[in-house]
Each structure stands twice: as structure tokens, then as C-alpha cells.
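Structure first, commentary second.
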Amino acid sequence: MQLLDGKATAQEIREELKNAVDARRSKNEKIPHLAAVLVGNDGGSLTYVNAKVKACEQIGFDSSLIKYDAQVTEEELLAKVHELNNDDKIDGFIVQLPLPSHIDELKVTQAIDPLKDVDGFHPENLGKMVLNLPGFLPATPAGILQLLKRNNIETSGKDCVVIGRSNIVGMPLSIMLARSTNPGNCTVTLTHSRTKDLKEKVLKADIIIAAIGKPGFVTADMVKDGAVIVDVGTTRVEDSSKKNGWALKGDVAFDEVAPKCSYITPVPGGVGPMTIASLMINTLQSMELRGK
Ligand code: NAP
């Protein structure tokens, strides 16, 4: 078994991006500027946004963090989105999800200028993804593809089971892995809570992607020998041995599954750092797409 080390792969990407930014700076060209909008005080969202802003700083991007309390109105938030759309200094921005229930997430996502939509959630970018046209790819699926590619994991002709069909991970990832690209050319089965005989389907997979948010859901008896496992799940589970009182747990029962597979991502340190790295790739790309 080999660990698919997302932290190390993401570091490799960060160094490449830092070199690209340094080269732009030396030619007096514009430096990428990522803005992040955070609503409320959800611990997970706060951690993710802070990690994104810190990653920007480390590679020399400019960054802005815009915070609202949970009572912000939809109108106020949409006004900020329009302001960021029209601010030429900002190359790309994200509105961290989930949003409070009184705000329509789809309305907010659709209000973002597709050319600044570095999360790749806008329907226009999702359509371009399906057609394999230039545009922003959703950060987590794109990060997973980078992780497979940079670790020389063959996907062509493989049977892949994706567990979970969210709009941000499972659904787009299943399409990206099925496209005629490298990585890609998989035969994909997209599964969800209504799937019958899930275990039998997962047992046949060469590549298993778990994105459901249920700690330890994928057990050793569901995995064939030599499979490649990508664990997207990140659930906070109480852990009194940790200073903050919780630990992040993946969707895969790592200790029992790891000995059976060829490659496996750890949690933390697998998909999470790759998501941030691909957001940075998208931000650099946003300047190119906007002709900066
Ligand atoms: P989500 O919106 O929470 O949806 C969960 C999906 O899992 C749904 O499609 C659901 O099916 C499916 N599901 C639930 N129980 C199932 C079962 N027993 N069998 C088969 N499928 C089942 O998904 P998400 O937003 O993609 O999040 C999933 C996990 O990934 C979470 O732990 C999240 O924190 C993590 N995540 C991590 C990153 C990262 O960068 N590391 C990024 C994004 C998300 P239905 O559609 O039928 O309800």
C-alpha cells in the first residue's frame, strides 16, 4: 500500500504557482487576487476559509477575506457579489458554502461572474466542464484528478465507483473521470443513498471515491485487493485526546482498508490540501481567462 500524500502533492503545486507569481512580479505584471466571502461562524467554514487565505499569502497571491454575520440578508450578499464581479483588482472569488438557510445558495452561485467563479460552481462552468471546454473546474474534483495524475495512477479503462452525488464533489467528479481526458476514460458508477447492492458495486471497483460524510463507511469487506481509494470525507468527530476536542475522520475505515489497497489518501492530508491547491490554480487561470 502506498499513501497518496495530498499534502506533499499540494506543496509541489504551490511551489510551481509561487514560481509563476514571482515571474509575473519580476515583469511588473498583475499578481492574482483571490477574495473569499464568509457568512456566519461555522467552525468548519472558518477553518477552510482561513486555510485558503493563508495558502494565497504563502504563494504570493493577494487575498481579501470579507466576513458577514449569519443574519446578513440575501440582498446584501448579492450586492457584495456584484461589487466583486465589477472590481477589476479581484481576479477570482468564492462564497464559502454552506450559507444560512434564509439565503438561496443557487441564486448566489449564479450571480457570480463565471469568469471569476474560481470554485467552478456556476452552471456555465459546469456546462463547460461537461463539454471539456476551457473554464473553471470545481476545486475538489479537480484536486483529486491532479492527485491521481501527479502520482502516475492510471485511470484509463478502469472501473470507478463514486459514492455520493453532491453538486460540489460526487456529481462533477463522476463526469470528469468519465471524460475522454487524462486522467479520465474511466467507466464510472455514481452511487447515492438510493443505490441498491452498494457493497457489490464497490467490490468490483478499481478506483473508489468516497464522498458522503459518514466516518468509516467504506470497510475492508467492500474493497477488492489492489484498489485505489480516495477518501473525500471530512467529518469532525469528538476526540478528547486532541487539544481542540475533535478529530477529522474520513469516509473510509483507514486501518482495515489500507492493507488491501494499492493507494489510499489519508484524512487529513489527502484531498483537503489538493482542494486548496486547485483553487489556487483556478485563481491564476482566472487572470488568463480574463486576459490579464
Ligand atoms: P453531501 O452534500 O453531504 O451529500 C452526501 C452524499 O452522500 C449524497 O449524495 C448522499 O446521497 C450520499 N450518501 C449518504 N449516505 C449514503 C449511503 N448510505 N450510501 C450511499 N450514498 C450515501 O456531500 P459533499 O458535500 O460532497 O460532502 C461529502 C463529504 O466530503 C463531507 O464529509 C464533506 O465534509 C467532505 N468534503 C471534503 C472536501 C475536501 O476538500 N476534503 C470538499 C468537499 C466535501 P443522496 O444524494 O441520495 O442523499
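Under the working numbering, think of the first position of the sequence shown as 576, with each following residue one higher. Positions of the beta carbon are idealized from the N, C-alpha and C atoms, including for glycine. If you're wondering where the values come from, they're calculated on a predicted model, not measured in any experiment.
Shortest gap from the CB of F792 to any heavy atom of the ligand NAP: under 8 Å. Secondary structure at L674: coil, using DSSP grouped into helix, strand and coil. Annotated three-state conformation of C761 is coil, per DSSP. For R865, no beta strand (DSSP E) segment is defined, and its DSSP state is neither H nor E. K824 carries a strand assignment under DSSP once its states are collapsed to helix, strand and coil. About 6 Å separates the beta carbons of G788 and T810, which is inside the 8 Å limit, making them a contact pair. Classified as exposed, A654 has fewer than 16 neighbouring CB atoms from the shown chains inside 10 Å of its CB. T715 and A833 have their C-alpha atoms roughly 22 Å apart.
Listed in chain order, the non-local C-beta contacts of H697 below 7 Å within the same chain comprise T684, Q685, I687, P689, local neighbours out to five positions each way being set aside.
In this structure, the straight-line span from the alpha carbon of R769 to that of G739 is close to 10 Å. Under the DSSP assignment, T684 falls outside any beta strand (DSSP E), being part of the alpha helix (DSSP H) whose first and last residues are 680-686. Counting of Cβ neighbours within 10 angstroms places L723 among the buried residues, the total reaching 16 or more. In the three-state reduction of the DSSP assignment, I743 falls in the coil class, being assigned neither a helical nor a strand state. The beta carbon of G808 sits closer than 8 Å to at least one heavy atom of the ligand NAP. Taking one beta carbon from each stretch, the stretch 594-608 and the stretch 737-757 have fewer than 3 pairs nearer than 8 Å; the two do not touch. Burial of N700 is indicated by the presence of at least 16 other C-beta atoms within 10 angstroms of its C-beta. As summarised for the stretch 599-662, the continuous beta strand (DSSP E) elements at least 3 residues long and confined to that stretch are 608-614, 637-643, given in chain order. Going by DSSP, T810 is part of the beta strand (DSSP E) stretching over 810-813. Between the ligand NAP and A786, a heavy atom-to-CB distance of less than 8 Å is present. Contact check between the stretch 585-597 and the stretch 609-622: fewer than three CB pairs, one atom from each, fall below 8 Å, which does not count as touching.
V812 is a Cβ neighbour of A822, given a cutoff of 9 Å.
The beta-bridge partner set that DSSP reports for Q577 consists of Y838.
Ranked by Cα distance from L854, the options M746, S755, G667 are led by G667. Taking the Cα positions, L778 is about 34 Å away from I856. Judged by beta-carbon spacing, G801 lies beyond the 9 Å limit of T762, meaning their Cβ atoms are not closer than that value. DSSP places I783 inside the beta strand (DSSP E), whose first and last residues are 782-785.
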